[in-house]
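The structure under discussion appears below in the form of structure tokens.
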Amino acid sequence: MNGHSRWARTYGAAPWHLLALVLCFLVAGYAAIRVVDVGIWPGFLVWFVGAVILHDLVLFPLYSAADLAARSAADRTRRRRTTARRKPRPAGRRPAPVNYLRVPAAYSVLLLLVWSPLILRGAEPNYRAALGLSTIPYLNRWILVTLVLFAVSALLYALRRLAAGRAGR
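My numbering numbers the first residue of the sequence shown as 264 and each following residue consecutively.
Have a look at this one:
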């Protein structure tokens, strides 16, 4: 028995996983120290608790339901196509369309959550006072990034379907 498999059996994951966790905790600790030093920890704490509650009680059920609906729609479409043909194709050849919607949507929502004060113009007075710039371009940029994410995802899906179609011949 080598040391790596003993480590994986004892810890439950590869050594790089522990290293990544330690680095994440170091970054989080540094951020917490900076928040306390600047004196904005009460507002930060309210924001953090609010974000956790908003995610766990509102957003998680919403995107879980959306994911379930997308997967069941994809399954219905796949079953309809399979029953229309006499000879069904082997499962797993074509890529699942759900992931090609899930990934760009997740990144788009994450960008919206992180940059929402600027996208929704809630930080306009502070931003203008600090930088002398307007927050107006952020909404257009977020929409553009979202469109690019979905366009690239659609292109990758089309390429994967073409490759799967050629491999199935």
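The beta carbon of each residue, even a glycine, is placed where N, CA and C say it ideally should be.
Spanning the alpha carbons of G428 and H267 requires a straight line of approximately 41 Å. L381 sits away from V408, with the two beta carbons spaced by 8 Å or more.
Scanning V290, Y293, L412 and W378 for the CA closest to the CA of N362 turns up L412. Looking at A392, A421, S379 and R424, the one whose alpha-carbon comes closest to that of R404 is S379. In the three-state reduction of the DSSP assignment, I406 falls in the helix class. Beyond the five residues adjoining it in sequence on each side, A359 comes within less than 7 Å, by CB distance, of A337 in the same chain, given in chain order. If the five residues before and after G385 are omitted, its C-beta is found closer than 8 Å to the C-beta atoms of S379, all from its own chain and listed in chain order. Around L396, the same chain offers Y390 as residues with beta carbons nearer than 7 Å, after the five sequence neighbours per side are excluded.
The beta carbon of L281 sits closer than 7 Å to those of Y274, all from its chain and outside the five residues before and after it, given in chain order. Within a 10 Å sphere around the beta-carbon of S327 sit fewer than 16 other beta-carbons, which makes this residue exposed.
At least 8 Å separates the beta-carbon of S416 from that of V372. Residue state for P358 is assigned as coil, using DSSP reduced to three classes.
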